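Numbering (the UniProt record's numbering), first residue to last: 1 to 363. Backbone N, C-alpha and C define an ideal beta-carbon position, used for all residues, glycine too. Note that the structure is a prediction, hence the values are computed from the model and not measured. Scroll down for the structure; my scribbles are underneath it.
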Ligand code: ATP
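Here it is as structure tokens:
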């Protein structure tokens with residue numbers, strides 16, 4: 001059975017339909033990320049799961065229990081849903097010391113004193129904040145405050161965790177550290193986690209399942225591998241990946257039982273015949289999948305190197321071919337490129353094709 005189940009959930013604000021009917025099933029124990037650009041409805045969806053927002057219609061069940069039903073007018077308030085939260089602002093109580101912040105819910109639930117003490121000790125140990133229990137949040141750094149919020153989740157031992165952009169206020173180093181921390185936390189608790197972000201790196205690194213959203217509509221649900229390598233449409237292909245995927249306009253032609261993508265004077269001969277009429281298509285290739293050659297070859301486009309940007313372990317090359325900007329990524333440190341003129345080989349295995357009108361992938 002799925003731990004979180006949304007059936008036909010909608011949300012309108014006045015006449016604005018922010019969430020058109022949404023169906024989403026989240027399996028127990030999985031780390032699921034809602035990913036999409038600003039305004040796509042991911043926060044609203046998370047707040048609906050949390051009970052902080054009442055849907056306009058549909059049905060929501062958590063661990064098999066109906067917590068919202070549009071038909072029956074049934075609505076279970078957030079504090080009775082047994083969920084753990086961690087939001088962008090860590091929502092620590094400024095007037096309470098660290099220990100109280102971590103154990104407040106346990107005190108409210110009237111858990112025995114020795115159990116509270118044991119869970120507090122365990123949680124402080126896990127986030128390496130032993131010795132800080134007597135401090136107020138204002139006496140901690142941003143990262144330490146974040147760890148208090150994590151410790152609160154550990155102590156509460158909720159089986160469903162909701163996280164809304166919890167890392168967005170942190171600097172780059174801490175963000176990477178906390179990413180590992182949250183992934184470990186979710187795994188160690190065996191929790192079902194619903195995580196909201198617009199950051200594709202967070203989504204790829206942390207998730208078992210990614211749900212890509214746009215305008216309240218789910219574009220694709222898949223593993224990080226599927227989302228990156230087998231995008232359902234052009235929107236997903238362009239949203240995931242940094243540097244961005246290269247997209248070109250081409251023309252599909254059929255010749256001698258083979259399919260060819262014509263781009264300027266180069267024809268990229270595909271391995272398999274594509275069962276599709278001839279005509280314009282969009283095709284795409286990830287920057288790391290372009291092969292850089294120093295002589296002409298089959299399936300290769302002449303190009304000029306424009307800007308070279310080493311990032312440490314990799315180098316981003318900005319190129320142009322027939323006036324089209326192209327990005328290539330190579331897995332080593334390069335400061336400058338000796339020959340401005342090169343050939344970019346498009347391995348047909350690595351090309352994705354999309355319908356130019358619907359954006360859907362063509363297989
Ligand atoms: P962000 O990353 O910017 O938070 P998001 O994907 O989480 O974006 P939501 O906050 O869920 O998006 O918003 C979805 C849509 O609903 C947007 O069009 C937004 O303007 C609208 N919306 C959200 N909350 C309200 C509200 N309280 N009143 C009116 N419209 C709202």
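Per DSSP, reduced to three states, the secondary structure at residue 150 is helical.
Rounded to the nearest angstrom, the gap between the Cα atoms of residue 169 and residue 295 is 48 Å. Here DSSP, grouped into helix, strand and coil, assigns residue 225 to helix.
Contiguous alpha helix (DSSP H) elements confined to the stretch 5-76 occur at 42-50, taking only those with 4 or more residues. An exposed status is given to residue 333, since fewer than 16 other beta-carbon atoms sit within 10 Å of its beta-carbon. Taking a cut-off of 8 Å on C-beta distances, the stretch 62-75 does not touch the stretch 233-250, as fewer than three cross pairs fall below it.
With three or more CB-CB distances shorter than 8 Å, the stretch 147-154 counts as touching the stretch 95-115. Under DSSP, residue 303 shares a beta bridge with 342. With respect to residue 160, residue 32 sits apart: the two C-beta atoms are not nearer than 8 Å. A heavy atom of the ligand ATP is found nearer than 7 Å to the CB of residue 16. For the pair residue 354 and residue 94, the Cα-to-Cα distance works out to about 52 Å.
When the Cα atoms are used, residue 43 and residue 127 turn out to be separated by approximately 26 Å. For residue 259, the number of other beta carbons within 10 angstroms of its own is at least 16, and it is reported as buried.
Annotation: residue 297 to residue 345 spans about 7 Å, alpha carbon to alpha carbon. No Cβ-Cβ contact shorter than 8 Å links residue 216 with residue 14.
Judged by DSSP secondary structure, residue 324 falls within the beta strand (DSSP E) whose first and last residues are 324-330.
Between residue 166 and residue 92, the C-beta gap is not smaller than 8 Å, which leaves the two residues out of contact. The beta carbon of residue 198 sits closer than 7 Å to at least one heavy atom of the ligand ATP. For residue 200, the three-state secondary structure derived from DSSP is helix. Under the criterion of beta carbons closer than 8 Å, residue 303 and residue 285 do not qualify as touching, at roughly 13 Å. When the Cα atoms are used, residue 293 and residue 287 turn out to be separated by approximately 14 Å.
For residue 236, the number of other beta carbons within 10 angstroms of its own is at least 16, and it is reported as buried. Membership of residue 253 in the beta strand (DSSP E) is indicated by the continuous run 246-255. Between the alpha carbons of residue 176 and residue 201 lies a distance of about 10 Å. Contact check for residue 233 against residue 361 passes: the beta carbons are separated by less than 8 Å. Within 7 Å of the C-beta of residue 44 there is at least one heavy atom belonging to the ligand ATP.
For the ligand ATP, no non-hydrogen atom lies closer than 7 Å to the CB of residue 56.
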